[in-house]
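Here's the structure, in structure tokens; my notes come after.
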Amino acid sequence: MAKSNSLTFYDISSPLQPRSYAPNPSKARLVLGFKGIPFKTTWVDILDISDVRKGLNCPATRKFNDGSDFYTLPMLKDNASGKVIGDSFDIANYIEDMYPDFGGRLFPPNSTDTGMDYESPHKDAEFVAPLTSNEGSKNEAYARFNMHVDATFTAYAILVAHYLPFNPDTAESVRALFVKRAHQGSWEDLSVKGDAREQLMVAFKSALTSLAQLFGVHETGPYLEGSQANYADLIVGGWLSMLSITMPEDEWNDFRTWHGGVFARLHDALQEDFFVCT
Numbered sequence: 395m396a397k398s399n400s401l402t403f404y405d406i407s408s409p410l411q412p413r414s415y416a417p418n419p420s421k422a423r424l425v426l427g428f429k430g431i432p433f434k435t436t437w438v439d440i441l442d443i444s445d446v447r448k449g450l451n452c453p454a455t456r457k458f459n460d461g462s463d464f465y466t467l468p469m470l471k472d473n474a475s476g477k478v479i480g481d482s483f484d485i486a487n488y489i490e491d492m493y494p495d496f497g498g499r500l501f502p503p504n505s506t507d508t509g510m511d512y513e514s515p516h517k518d519a520e521f522v523a524p525l526t527s528n529e530g531s532k533n534e535a536y537a538r539f540n541m542h543v544d545a546t547f548t549a550y551a552i553l554v555a556h557y558l559p560f561n562p563d564t565a566e567s568v569r570a571l572f573v574k575r576a577h578q579g580s581w582e583d584l585s586v587k588g589d590a591r592e593q594l595m596v597a598f599k600s601a602l603t604s605l606a607q608l609f610g611v612h613e614t615g616p617y618l619e620g621s622q623a624n625y626a627d628l629i630v631g632g633w634l635s636m637l638s639i640t641m642p643e644d645e646w647n648d649f650r651t652w653h654g655g656v657f658a659r660l661h662d663a664l665q666e667d668f669f670v671c672t
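Quick note on this note's numbering: the sequence shown kicks off at 395 and runs consecutively.
Next up, the structure:
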């Protein structure tokens with residue numbers, strides 16, 4: 395049986411804690427809840443992430459488009475072995491390997507592979523921080539799904555940039571950091587308003603069409619394979635968790651109606667059953 399102090403989870407701090415808001419920490423938090431494994435959280439301000447990772451000898455797993463290291467979270471430390479894992483997909487693989495008999499199966503051997511052939515309409519888009527492919531990793535089909543889902547949602551992340559819940563004490567510096575990363579001139583350049591925002595919301599809804607259709611393959615739902623979740627559902631759930639927190643309320647309520655409400659049902663089920671705030 396796993397002890398409550400055996401795993402330390404590193405997440406991005408905000409005024410919302412103990413709740414995650416960023417998508418990749420949310421994916422990992424859902425993994426731990428799905429497996430029913432106790433853990434404790436260490437909260438890290440965005441400005442401190444690089445120092446914390448370096449202090450744990452955990453190299454960056456992503457780079458910016460200029461080739462510099464992108465230090466981000468989550469991280470997971472196994473306090474028994476001292477091992478530190480610094481990528482949400484690697485965390486899922488590690489947890490499944492170390493705790494195969496806990497909770498459900500993240501990568502079920504009897505999977506129907508529903509959704510594993512998903513291709514993002516933005517698969518060829520260039521991002522400030524290129525996405526991680528995890529090519530050649532264990533459970534590579536899920537890694538591919540993760541990259542394509544990330545591409546779809548990242549293409550519209552600017553919709554919520556101005557609603558990210560930064561810590562008040564460091565918010566100004568974090569905004570300046572984000573502006574620099576995005577190669578923009580000011581924080582206002584990362585805002586989308588008026589007609590441009592409405593058009594982007596329409597495009598977002600359209601871009602999600604093929605992904606939404608996959609959640610209708612098994613009519614029982616709410617998961618890709620029907621009533622049983624796997625890691626692919628948690629990948630999408632991490633993004634939905636962020637949108638539920640960072641979208642203006644009227645837009646989130648509208649989002650929940652898109653595509654027959656498949657994403658609302660997925661989000662509600664995952665939050666109720668597996669999202670552990672600690």
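Glycine included, each C-beta is placed from N, C-alpha and C at the ideal position.
Reduced DSSP category for residue i - H, G, I as helix; E, B as strand; rest coil
i: Ile489; result: helix
i: Val438; result: strand
i: Lys587; result: coil
i: Phe464; result: strand
i: Arg456; result: strand
i: Glu582; result: helix
i: Lys517; result: coil
i: His577; result: coil
i: Asn540; result: helix
i: Asn504; result: coil
i: Asn647; result: helix
i: Ala601; result: helix
i: Met641; result: coil
i: Gln593; result: helix
i: Ala416; result: coil
i: Tyr550; result: coil
i: Ser567; result: helix
i: Lys448; result: helix
i: Tyr512; result: coil
For residue i: DSSP bridge partner residues
i: Leu470; result: Phe403, Ile479
i: Trp633; result: According to DSSP, which records beta bridges pairwise, Trp633 is partnered with nothing at all.
i: Gly620; result: Tyr617
Pairwise C-alpha distance: residue j and residue i
i: Gly632; j: Tyr465; result: 19 Å
i: Val586; j: Pro494; result: 44 Å
i: Asn451; j: Thr564; result: 25 Å
i: Thr651; j: Lys477; result: 42 Å
i: Ser482; j: Ser580; result: 30 Å
i: Phe649; j: Ala474; result: 42 Å
i: Gly430; j: Pro503; result: 20 Å
i: Phe539; j: Gly655; result: 21 Å
i: Leu605; j: Asn561; result: 33 Å
i: Arg499; j: His516; result: 29 Å
i: Trp437; j: Leu410; result: 11 Å
i: Leu441; j: Phe496; result: 35 Å
i: Ser690; j: Gln578; result: No statement about residue 690 is possible, as the shown extent of the chain runs from 395 to 672 and does not include it.
i: Ser667; j: Glu490; result: Reading off the sequence shown, one finds Asp at residue 667, where the question assumed Ser. Rounded to whole angstroms, Asp667 to Glu490 spans 18 Å at the Cα level.
i: Ala537; j: Tyr625; result: 10 Å
i: Ala523; j: Arg447; result: 18 Å
i: Ala545; j: Val554; result: 16 Å
i: Ser432; j: Ala519; result: Before going further, note that residue 432 is Pro rather than Ser in the sequence given. Taking the straight line joining both Cα atoms gives about 38 Å.
i: His653; j: Asp445; result: 42 Å
Residue i, buried or exposed, once every other Cβ within 10 Å from all chains shown has been counted against 16
i: Leu426; result: buried
i: Cys671; result: exposed
i: Ala623; result: buried
i: Thr435; result: buried
i: Pro616; result: buried
i: Gly461; result: exposed
i: Lys421; result: buried
i: Pro417; result: buried
i: Asp405; result: buried
i: Asn399; result: exposed
i: Ser621; result: exposed
i: Leu558; result: buried
i: Leu401; result: buried
i: Asn487; result: buried
i: Glu619; result: buried
i: Gly610; result: exposed
i: Gly351; result: A query on residue 351 cannot be resolved here, the shown segment of the chain reaching from 395 to 672 and no further.
Cβ of residue i within 8 Å of any chain B Cβ
i: Lys457; result: The structure shown has no chain B; it contains just one protein chain.
For the region 589–602 against the region 448–461, do three or more pairs of beta-carbon atoms, one drawn from each stretch, fall closer than 8 Å, so that the two count as touching? In this structure the region 589–602 does not lie against the region 448–461, because fewer than three pairs of beta carbons, one per stretch, are closer than 8 Å.
Any 3 or more C-beta pairs closer than 8 Å across the region 470–486 and the region 581–597: No, they do not touch.
At least 3 beta-carbon pairs within less than 8 Å: the region 507–520 vs the region 632–649: Flag = no, the region 507–520 and the region 632–649 do not touch.
Inspect the CB distances between the region 524–543 and the region 568–582 and report whether three or more fall short of 8 Å. Here the region 524–543 does not lie against the region 568–582, with fewer than 3 beta-carbon pairs under 8 Å apart.
Does the region 603–619 come close enough to the region 657–672 to have 3 or more Cβ pairs within less than 8 Å? They touch, by the three-pair rule.
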